[in-house]
Amino acid sequence: MDGETNNAAGLWPVLRQLAKGDILGLGDSAASPRTGSLEARTTHADKVVASVCPYCAVGCGQLVYVKDKKIIDIEGDPRSPLSHGCLCPKGAATFQLVTGSHRVSHVLYRRPYGTKWETIPLETAMDMVADRVKKTRDANWEDKDKKGNPLRRTMAIAHLGGATLDNEENYLIKKLFTSLGIVQIENQARI
Ligand code: SF4
C-alpha cells in the first residue's frame, strides 16, 4: 500500500470511496486494513485430501483441509467435473458435520407423554429399537395374500433414510430391511 492509499484506507468508508474515485464502493475502497490482514484458514493446511460430499447422490467434489491431523475446513473442489468447485448449502456446511459443537453425541429419548428428553445409553436405545421392530413385525406379518400368493412382508414398518447416509450405508440398510420383510424403504435425498 502506498502512503496515499494508506491515508485513504484509514478514512471513513465513504471517504475512502471518494478518495479513490470508487463511487459505488465495489472496488478495493470497500476493504479495510483489517480485511487486508485476513487470510483463509485453508492457507496453513498440512495437506488437502480430495473427497466427495456425503449428503446426496449428486456427488459434488470436495477438498478436505487437514492440519495437525484435524480437519480445519471443507471446500468445493474446482477440479470436479460435476460441481466445478460449487457446493449447495448442505455441502458447504459439511465441515460442521464433523466438527459442530452443537452436535448431540449421546442418545436422547422422550417417552410417551413425556415432556422432556432423557439421556439413555446407546445399548439401551438399540435394544428398545430391536424390541419394537420385532414386536411390530410379528404383529403385522403378511405371509400370503387372499389368493394364497406369498407376500412375506410387513407394511407396518417403513424406513426413511437421511441425506448423510453414504452409498455403503444405504446398501446395508436396504439389505437389512429387505431381509426383515420391510418393503417401504425410501430416502429423502432424491435430487
Ligand atoms: S448435498 Fe449439495 S453439495 Fe452435497 S453432493 Fe448434493 S448437491 Fe452436491
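Mapping of the sequence shown onto the numbering used here: residues 2 to 192, in sequence order. Each residue gets a CB set at the ideal place from its N, CA and C atoms; glycine is no exception. On a predicted model such as this, the values are computed, not experimentally measured, just so you know.
- Chain order is used for the residues whose beta-carbon lies nearer than 5 angstroms to a heavy atom of the ligand SF4, namely Cys-54, Tyr-56, Cys-57, Val-59, Cys-61, Leu-88, Cys-89, Lys-91 and Gly-92.
- Contact between the stretch 43 to 52 and the stretch 61 to 81 is present: 3 or more CB-CB pairs across the two stretches fall below 8 angstroms.
- Counting only runs of 4 or more residues that sit fully inside the stretch 93 to 179, the alpha helix (DSSP H) segments are 95 to 100 and 123 to 140, in chain order.
- Counted as a single uninterrupted DSSP element, the alpha helix (DSSP H) harbouring Lys-21 occupies residues 14 to 21.
- Counting only residues of its own chain and dropping the five nearest sequence neighbours on each side, Thr-95 has a CB closer than 8 angstroms to the CB of Cys-54, Pro-55, Tyr-56, Gln-63, Ile-75 and Leu-88.
- Residue state for Lys-91 is assigned as helix, using DSSP reduced to three classes.
- Checking the DSSP bridge columns, you'll see Glu-187 partnered with Leu-161.
- Tyr-110 and Leu-161 have their C-alpha atoms some 19 angstroms from each other.
- Exclusion of the five residues before and after Asp-23 leaves Arg-17, Asp-29, Ser-30 and Ala-31 as the residues of its chain whose Cβ lies within less than 8 angstroms of its Cβ.
- When the Cα atoms are used, Glu-40 and Pro-113 turn out to be separated by approximately 51 angstroms.
- For the 8 angstroms CB-CB criterion, Asn-141 and Ala-131 do not form a contact.
- Judged by DSSP secondary structure, Ser-33 falls outside any beta strand (DSSP E); it is assigned neither H nor E.
- DSSP links Gly-77 through a beta bridge to Gln-63.
- With distances taken between CA atoms, Lys-70 lies nearest to Ala-46 out of Gly-77, Ala-93 and Ala-46.
- By the C-beta density criterion, Ser-33 is exposed, having fewer than 16 other C-beta atoms within 10 angstroms.
- Annotation: Asp-139 to Pro-122 spans about 26 angstroms, alpha carbon to alpha carbon.
- According to DSSP, Ile-24 shares a beta bridge with no other residue.
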